[in-house]
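Straight run, no breaks: the sequence shown in full-length UniProt numbering ends on number 86. Worksheet: the structure to be examined is printed underneath.
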Amino acid sequence: DGTIRNMATEMVIDIDSGIQESNLIVWPKNMGTTQQWQLDGLYILCPGANKVIDIEKSQTVSGAPVVAWPNHAGLNQQWNIVPKLR
Numbered sequence: 001d002g003t004i005r006n007m008a009t010e011m012v013i014d015i016d017s018g019i020q021e022s023n024l025i026v027w028p029k030n031m032g033t034t035q036q037w038q039l040d041g042l043y044i045l046c047p048g049a050n051k052v053i054d055i056e057k058s059q060t061v062s063g064a065p066v067v068a069w070p071n072h073a074g075l076n077q078q079w080n081i082v083p084k085l086r
């Protein structure tokens, strides 16, 4: 269904608001456009908001905020999804 769901809480990743540099939050699933994600190569994008998952301001420190931001092809927007081995 395009959501990214937490196994413990059943909540999904959502964009807090529709503005640029919006925080990512967990929220009960409502199938809103800001809860639907796609993997596109190295990017995790939210087509409904026209944003990708981004490490804020290209920070390289632990605990850096993760936000939704327009795609600019920065390294801080590129992700490698590593599957869990069973």
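For each residue, glycine too, the CB sits at the ideal point set by N, CA and C.
Shown here for residue 74: not one same chain residue has a beta carbon closer than 6 Å to its own, the five before and five after excluded. In this structure residue 76 is buried. Its beta-carbon is surrounded by 16 or more other beta-carbon atoms within 10 angstroms. Residue state for residue 76 is assigned as helix, using DSSP reduced to three classes. The Cβ-Cβ distance between residue 11 and residue 27 falls below 8 Å.
The residue from 40, 70, 30, 31 with its alpha-carbon nearest to that of residue 79 is 40. For residue 22, the pairing in a beta bridge is given by DSSP as 68.
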